[in-house]
Amino acid sequence: MSKRDFLSTADLTRKELDDLLDLAARVKGKRPGQVLAGKVLGLLFFQPSLRTRVSFEVAMVQLGGHCIDLSSDDLYELEPQEQAVMDGRAEEHVKDAARTLSRYVDALGIRSAARTGTWERDRQELLVRNYAKYASVPVINLETSFEHPCQAIADVLTMRENLVTLKGRRLTLLWCNHPEPKSLGPTHSILQAAAMMGMQVTLAHPLGFEVDPQVLERSRALAGEHGGGLRVVNDMETAAHGAEVLYARSWGCTKYWDDAEREAMVKRSLQGWRVDEALMASTNNAFLMHPLPVRRNVAATDAVLDGEHSVIYDQAANRTHVQKALLMQLLK
Amino acid sequence: MSKRDFLSTADLTRKELDDLLDLAARVKGKRPGQVLAGKVLGLLFFQPSLRTRVSFEVAMVQLGGHCIDLSSDDLYELEPQEQAVMDGRAEEHVKDAARTLSRYVDALGIRSAARTGTWERDRQELLVRNYAKYASVPVINLETSFEHPCQAIADVLTMRENLVTLKGRRLTLLWCNHPEPKSLGPTHSILQAAAMMGMQVTLAHPLGFEVDPQVLERSRALAGEHGGGLRVVNDMETAAHGAEVLYARSWGCTKYWDDAEREAMVKRSLQGWRVDEALMASTNNAFLMHPLPVRRNVAATDAVLDGEHSVIYDQAANRTHVQKALLMQLLK
Amino acid sequence: MSKRDFLSTADLTRKELDDLLDLAARVKGKRPGQVLAGKVLGLLFFQPSLRTRVSFEVAMVQLGGHCIDLSSDDLYELEPQEQAVMDGRAEEHVKDAARTLSRYVDALGIRSAARTGTWERDRQELLVRNYAKYASVPVINLETSFEHPCQAIADVLTMRENLVTLKGRRLTLLWCNHPEPKSLGPTHSILQAAAMMGMQVTLAHPLGFEVDPQVLERSRALAGEHGGGLRVVNDMETAAHGAEVLYARSWGCTKYWDDAEREAMVKRSLQGWRVDEALMASTNNAFLMHPLPVRRNVAATDAVLDGEHSVIYDQAANRTHVQKALLMQLLK
């Protein structure tokens with residue numbers, strides 16, 4: 032059985048990424064008709080969602096299809112381990128849930144971004160990868176601790192709309208402060224996608240907040256391959272200087288992944304990692320991006336979030352358009 | 032950006048109220064067709080809902096549109112205060128949620144009726160008013176502690192169906208007992224709407240259960256302007272005498288709004304505030320109304336709720352028809 | 032007001048059961064068109080659901096209709112007792128919820144399978160039966176502790192597809208181990224339906240796990256009437272020998288219904304009640320059935336669940352087809 036999943040921006044070829052962006056741009060603001068009439072997308076959220084949930088449901092509805100939302104509360108615990116003797120709390124194996132749902136729906140979207148142990152464990156995206164393995168219908172990653180590809184494609188579309196061409200343009204991915212430990216998903220996904228677009232990417236974060244080495248390596252290779260570059264810096268001033276896009280978001284510390292208190296302690300001295308007007312003034316007239324939800328006046332100030340260079344709501348709006356294109360490719 | 036919200040019966044002119052009722056009556060039992068095809072209504076319930084949730088979703092579906100229900104469990108906490116430094120529990124500002132959702136849906140309905148502090152705070156309807164302020168799409172009040180306009184319009188339609196003309200007709204709004212502290216929303220909204228229809232309104236409650244003075248004043252003015260009247264009494268017998276409609280519902284004590292135990296203590300001596308056959312017999316052959324859910328044999332007896340003068344299910348059914356008319360006005 | 036409910040396989044005549052199966056077989060894999068356009072099915076789940084929820088929503092959507100899911104969290108507690116003085120926690124009477132929902136939707140599906148006291152209480156299916164009593168629209172049982180008729184009809188369809196004729200064919204309903212106390216619903220419903228099809232049914236369970244005597248009596252009578260038979264055995268070997276279908280599922284101990292610890296203690300010595308390759312080898316080349324979710328390697332081994340005689344996913348898939356047929360009969 033041949034099927035396509037959408038799990039990582041790293042799985043896309045440049046051609047596929049371009050095609051997806053082009054289709055999204057053509058779909059945007061148009062009424063492509065009931066091209067997905069009779070199709071059903073199942074959504075499984077194991078964490079709260081506003082943008083992803085609503086943008087996917089609106090995308091399906093406007094294409095004539097239907098969404099079924101199975102939030103975590105509606106479902107019992109699932110067992111991801113092969114050959115498990117299931118005498119514990121898990122009421123059903125992922126294998127059976129995936130195979131059953133494949134008989135009902137035409138595609139499955141899954142968010143599973145909780146911290147469940149060490150980084151070594153969570154970087155494997157066990158639940159989503161197992162769903163993809165056992166489902167006979169396409170599986171879409173709606174965010175794990177490791178990737179958030181739907182967000183990243185919407186972000187690339189937003190940059191393309193504002194900068195027209197992306198090759199060689201200067202994007203800074205800037206870590207910012209947050210009271211809670213966050214997923215690395217959006218950061219990993221945009222890093223790879225921007226590299227593939229040949230952007231000059233600066234990844235900026237405090238020491239200790241390194242991204243996954245494999246993702247960094249892959250992104251560096253992609254950037255090289257497509258005429259771009261990737262550098263890592265550990266101070267905000269260098270990071271902001273010359274940036275044409277400043278993309279702010281917090282992410283977690285993989286070293287203390289299973290020790291939230293330790294991470295919180297480390298972050299006490301990092302409250303300066305916040306985007307404000309002075310920092311924006313030091314850029315090359317940069318657009319400000321953030322995938323939302325944003326902690327106002329912690330990650331970035333009201334002045335810059337509500338300022339004229341902020342495109343944060345365009346990013347959110349582009350989720351629908353990109354996902355329409357994706358669903359048309361996967362389901363039509 | 033011009034948009035219409037639907038937050039309070041006090042915002043309507045008499046002409047608008049009549050138009051809404053006329054459209055609801057014309058829509059009722061008819062199939063107006065797919066006039067809202069492609070339109071999406073987002074629903075946010077921060078408290079449980081049966082009638083409001085189902086009647087809105089049925090209304091949208093039967094007009095060809097779609098509802099997305101975002102119940103409170105699916106969402107993290109939202110920050111309503113301007114300029115807040117968001118280092119606490121709230122994951123997103125109302126401003127960002129409202130602006131984002133405005134990019135996805137065509138209208139937003141919000142229920143936010145929890146007690147969160149004093150009456151002075153909750154009477155401001157902070158969350159719903161902030162959503163309305165920041166959203167670029169119409170916002171519909173699905174009940175706050177202060178208003179429940181969708182219920183009230185359905186109630187006026189129900190009275191009009193049974194009494195034909197409302198001007199000068201005698202409506203008694205009667206406080207009744209309830210084990211829990213309740214919102215003042217339905218009472219405030221029907222009080223204003225009935226006054227605008229020129230009814231002779233009797234508001235009846237025990238001492239200590241006064242409604243909001245501003246609402247009372249506004250209702251008195253509206254009644255005067257439209258040929259009706261408004262009096263307040265504190266005993267059930269005077270309240271029931273001569274009534275053509277007896278509208279029962281409990282509401283909370285604004286003085287002890289943040290002290291549920293104190294309110295419960297006050298209510299211990301008020302168990303006589305219950306509608307029974309003897310009370311109904313003392314009216315002018317009145318119809319019995321209640322917005323539901325009702326505490327049977329506490330607020331009103333089985334005999335009167337299931338009696339031939341009860342129109343409680345017609346009120347509920349009219350929710351769909353009134354909301355269809357409202358959605359057609361806001362979205363068509 | 033005349034209406035049809037679907038509460039128990041025992042309510043069907045053989046003619047009705049055959050008609051339902053025939054319609055399901057005709058509908059399967061076909062697009063019967065928008066025959067339920069404008070129809071709304073309300074779903075109330077008081078326990079988690081995967082198959083039932085998704086298969087019903089897909090069925091409605093593919094027939095042009097719509098589902099509204101009201102999961103337990105969205106709703107306050109309901110009072111099932113007649114004439115109750117509602118000064119406790121229940122916010123609304125089942126009577127009022129049922130009558131109100133009947134004004135909004137075209138049919139209601141309800142799952143209420145929690146243990147709430149003794150078997151004598153739970154076998155009465157109070158909530159579902161009261162909904163059916165007060166609703167003026169058809170009520171569908173989505174599983175109680177006593178019955179799960181939608182599952183059973185899908186199971187009969189699955190057996191008919193694999194065995195072609197069912198009369199005289201040997202079906203073994205086999206109790207198997209499970210860490211949690213389970214409902215008797217699926218077992219009771221398939222027992223009655225298989226008996227009505229004239230199958231030779233073997234009911235196999237450890238001592239202490241007897242099914243409800245009234246269901247057993249009724250099933251024995253049905254089997255006799257339709258040329259089949261029913262025997263009860265208490266060992267796995269006798270149960271498996273000669274079986275053409277081996278249907279595994281755990282169910283609860285009615286004697287200790289309100290004492291989960293006692294039931295767990297009894298089950299400690301019953302871990303051998305598990306389907307494995309050796310047991311399957313002793314059958315007459317039997318198909319393996321299980322209604323899912325299944326505890327792998329507790330109720331049955333991976334080898335047999337994933338083996339070539341397993342039809343567990345076909346059972347799940349047939350839920351949609353059977354429910355389409357049912358909804359067409361109830362709503363068209």
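Residue numbers (our numbering), protein chains in the order written: chain E, 32 to 363; chain G, 32 to 363; chain W, 32 to 363.
Built from N, CA and C at the ideal position, the CB exists for glycine as well.
The structure presented is a predicted model; accordingly, all values stated were derived computationally and were not measured.
Own chain partners of residue 102 (chain G) with C-beta closer than 6 Å, once the 5 adjacent residues on each side are dropped
76
Can you name the residues of chain G whose CB is closer than 8 Å to the CB of residue 323 (chain E)?
123, 127 and 131
Listed by chain order, chain W residues near residue 136 (chain E) by CB distance under 8 Å
85 and 89
Residue from E:142, E:123, E:311 and E:319 whose Cα sits closest to the Cα of residue 181 (chain E):
E:142
Integer-rounded CB distance, given that residue 313 (chain E) should sit under 8 Å from residue 268 (chain E):
7 Å
Coarse secondary structure for residue 82 (chain G), derived from DSSP in three states:
helix
Listed in chain order, which residues of the segment 325–352 of chain G have Cβ atoms closer than 7 Å to some Cβ of chain W?
325, 326, 327, 328, 329, 333, 344, 347, 348 and 351
Check whether the Cβ atoms of residue 317 (chain W) and residue 275 (chain W) lie closer than 7 Å to each other.
yes
So with Cβ pairs under 7 Å, would you call residue 363 (chain W) a contact of chain E?
no
Under three-state DSSP, which class holds residue 233 (chain E)?
strand
How close, in whole Å, do the beta carbons of residue 84 (chain E) and residue 323 (chain E) come, if the pair is a contact with beta carbons under 8 Å?
Between residue 323 (chain E) and residue 84 (chain E) the Cβ distance is about 13 Å, and since that is not below 8 Å, they are no contact.
What's the C-alpha gap between residue 263 (chain E) and residue 117 (chain G)?
28 Å
If we cut at 7 Å on Cβ distances, does residue 168 (chain E) have a partner in chain W?
no
Secondary structure of residue 190 (chain G), DSSP reduced to three states
helix
What separation, rounded to the nearest whole angstrom, lies between the Cα atoms of residue 69 (chain G) and residue 215 (chain E)?
35 Å
If you draw a straight line from the alpha carbon of residue 363 (chain G) to that of residue 72 (chain G), how long is it in whole angstroms?
12 Å
Which residue's Cα is closest to the Cα of residue 330 (chain W): W:293, W:175 and W:209?
W:209
Indicate the three-state DSSP secondary structure (helix, strand or coil) for residue 100 (chain W) in the structure shown.
strand
Does the beta carbon of residue 71 (chain W) sit closer than 7 Å to a beta carbon anywhere in chain G?
yes
Which chain G residues are close to residue 217 (chain E), counting only those with a beta carbon under 8 Å from its beta carbon?
The premise fails here: residue 217 (chain E) is roughly 15 Å from chain G at the closest Cβ pair, so nothing lies under 8 Å.
Check residue 150 (chain G) in the structure and name its three-state DSSP category.
helix
Identify each residue in the segment 190–212 of chain E for which the Cβ-Cβ distance to at least one residue of chain G is less than 7 Å, and report them in chain order.
210
Roughly how many whole angstroms lie between the Cα atoms of residue 43 (chain E) and residue 179 (chain E)?
13 Å
Quick check on residue 320 (chain W) - is its C-beta less than 7 Å from some C-beta in chain G?
no
Opening and closing residue of the alpha helix (DSSP H) in which residue 255 (chain G) lies
244–256
Distance check for residue 127 (chain E) and residue 134 (chain E), CA to CA, integer angstroms please.
11 Å
Could you spell out the range, first to last residue, of the alpha helix (DSSP H) harbouring residue 161 (chain W)?
157–165
Going by beta-carbon coordinates alone, are residue 187 (chain E) and residue 224 (chain E) separated by less than 7 Å?
yes
Residue 58 (chain G) - containing beta strand (DSSP E), residue span
Unbroken run through residue 58 (chain G) is the alpha helix (DSSP H), 45–58; no beta strand (DSSP E).
Starting from the beta carbon of residue 82 (chain W), find every residue of chain E whose beta carbon is closer than 7 Å, and list them in chain order.
131
With a threshold of 16 other CB atoms inside 10 Å of the CB of residue 198 (chain W), please say whether the residue is buried or exposed.
exposed
Taking the Cβ atom as the reference point for each residue, do residue 372 (chain E) and residue 273 (chain E) lie within a distance shorter than 7 Å?
The structure shown does not extend to residue 372 (chain E), since chain E spans only 32 to 363, so no value can be given for it.
So, at 6 Å on beta carbons, what are the nonlocal neighbours of residue 289 (chain E) in its own chain, with the 5 sequence-adjacent residues on each side left out?
148 and 149
For residue 291 (chain W) and residue 212 (chain W), I'd like the C-alpha separation in whole angstroms.
7 Å
Going by DSSP, which residues form a beta bridge with residue 218 (chain E)?
According to DSSP, which records beta bridges pairwise, residue 218 (chain E) is partnered with nothing at all.
If you reduce the DSSP assignment to three classes, tell me which class residue 352 (chain W) lands in.
helix
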